[in-house]
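Peer 1: Take a look at this one; I'll ask things after.
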């Protein structure tokens, strides 16, 4: 259980997600924990052990937010594109194997678990690490 004060918002993160594929593990590593004052910015990083698949400049990396007791909500897809209805305070950047989610003007309702999800095409198979 995490308690929040008006001046401090904790962004809980899942720091490591793995998927075993035919050519080895795909490992996603995220920032283990991030804290931010209300109104400040928070940055969450995601690094993959293999470059994510891409079509042109669109890298197949998504970001999800999961608040306590709720299902995950898609925030960002193609690494940089905000899902419809998502605040412009959320932005994504990065390419290849290094990606960042930035939350500007952090609000109390941003306290959540944030997940990155990558998409890989390896040896004629598609992989979506959990």
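Residue numbers (the numbering used here): 61 to 190.
Note that CB positions come from ideal geometry on N, CA and C, so glycine has one too.
Using the rule of at least 16 other Cβ atoms within 10 Å of the residue's Cβ for burial, across every protein chain shown, is residue 115 buried or exposed?
Peer 2: Classification for residue 115: exposed.
Peer 1: From which residue to which residue does the beta strand (DSSP E) around residue 173 run?
Peer 2: 173-178
Peer 1: Where does residue 170 fall in DSSP's three states?
Peer 2: helix
Peer 1: Rank 163, 86 and 179 by C-alpha distance to the C-alpha of residue 125 and give the top, closest one.
Peer 2: Selected option, being the one with the closest Cα: 163.
Peer 1: In chain order, what residues of the same chain lie with their CB nearer than 6 Å to the CB of residue 100, ignoring the 5 residues before and after it?
Peer 2: Spatial neighbours of residue 100 in its own chain (CB-CB distance under 6 Å, excluding positions within 5 residues in sequence) are listed in chain order as 166.
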